[in-house]
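Chemist: Okay, handing you the structure first.
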Amino acid sequence: MTTSTAFVLLVATFLFFCATVESTIAVCPGEGPRYGDYKCNHDRTHRVCARLVNNKDDCEELSWNEDGKTFWEITGQQRWNWKDRICAEPNPGDSWCICMWATANLIAEVGCDNVHIRCDATDVNFVLNSYKDGGWDLEQAKNCIRKKCVDHDGCEDESCNSGQQS
1 MTTSTAFVLL VATFLFFCAT VESTIAVCPG EGPRYGDYKC NHDRTHRVCA RLVNNKDDCE
61 ELSWNEDGKT FWEITGQQRW NWKDRICAEP NPGDSWCICM WATANLIAEV GCDNVHIRCD
121 ATDVNFVLNS YKDGGWDLEQ AKNCIRKKCV DHDGCEDESC NSGQQS
């Protein structure tokens, strides 16, 4: 086998592996059409599928702490509250692909037990192999994702029976 043939086989194997890994990430229910497939595995930051509203029918913002603050209030993104897009077609749901820095911000503010992460629709490997995003150190977020999505089967409560991740 020539060096160029070996290289082509290596690249083809790598691309096949990447396509296989990417396809194992579930659709984030509520994610908009920006990526075409509604998955959190395309850009360098929007890799965590987080539940932001109660359900697609009521579309009420979830409270993340005792103060009743929402995702948008905690992360300082009230100007970009897109809950109406989360609950609407073409992919109605209760979640969105959020930035890793926003995930770190949420965990720092409300604690790991209070974040609503959909593990099956989060690019867990990408997050665990990242160190900073938007100036935020991701170590605490990585520890939380390990706890919720790796050390367990991704389900920590009754939501597992309904296909939701906590």
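Quick note: the sequence shown uses the numbering used here, first residue 1, plus one each step.
Where a beta carbon is used, it is the ideal one built from N, C-alpha and C, also for glycine.
If Asp133 and Thr45 are in contact, beta carbons under 8 Å, what's the gap, nearest whole angstrom?
Modeler: Their Cβ separation, rounded to whole angstroms, is 5 Å, which keeps Asp133 and Thr45 in contact under 8 Å.
Chemist: If you scan the segment 46-133 from start to end, which runs of the beta strand (DSSP E) of 3 or more residues do you find wholly inside it?
Modeler: Whole beta strand (DSSP E) segments, 3+ residues: 46-51, 95-99.
Chemist: Distance, Cα to Cα, Ser95 vs Val27?
Modeler: Looking at the two C-alpha atoms, the distance is approximately 10 Å.
Chemist: Note down the Cα distance separating Cys144 from Gly36, rounded to an integer number of angstroms.
Modeler: The alpha-carbon atoms of Cys144 and Gly36 are separated by roughly 28 Å.
Chemist: Take every Cβ of the segment 116-126, pair it with every Cβ of the segment 81-89, and state whether three or more of those distances are shorter than 8 Å.
Modeler: They do not touch, by the three-pair rule.
Chemist: Specify the secondary structure class of Cys28 as computed by DSSP and reduced to three states.
Modeler: In this structure, Cys28 counts as coil in the three-state DSSP scheme.
Chemist: Determine the direct distance from the alpha carbon of Val115 to that of Ala50, and round the result to whole angstroms.
Modeler: Those two C-alpha atoms are separated by around 8 Å.
Chemist: Which residue marks the beginning of the alpha helix (DSSP H) containing Cys144, and which one marks its end?
Modeler: Where Cys144 is concerned, the enclosing alpha helix (DSSP H) stretches over 139-145.
Chemist: What does the alpha-carbon distance come out to for the pair Arg47 and Asp58?
Modeler: The straight-line gap from Cα to Cα measures roughly 25 Å.
Chemist: Nearest by alpha-carbon distance to Glu109: which of Cys40, Arg34, Cys149, Asp67 is it?
Modeler: It is Asp67.
Chemist: Apart from the five residues just before and just after Ile25, which ones in its own chain have a Cβ nearer than 8 Å to its Cβ?
Modeler: Excluding residues within five positions, the ones whose Cβ falls inside 8 Å are Lys39, Cys40, Asn41, Asp120, Ala121, Thr122, Asp123.
Chemist: Round the Cβ separation of Gly93 and Lys56 to the nearest angstrom and send it over; I've been treating them as touching at under 8 Å.
Modeler: Confirmed, about 6 Å.
Chemist: Determine, using beta carbons only, whether Gln140 and Ile98 come nearer to each other than 8 Å.
Modeler: No, the pair does not count as a contact, with Cβ atoms beyond the cut-off.
Chemist: Between the Cα of Met100 and the Cα atoms of Gly32, Gly30, Asp43, which residue gives the shortest distance?
Modeler: Looking at the Cα atoms, Asp43 is the closest of the given residues.
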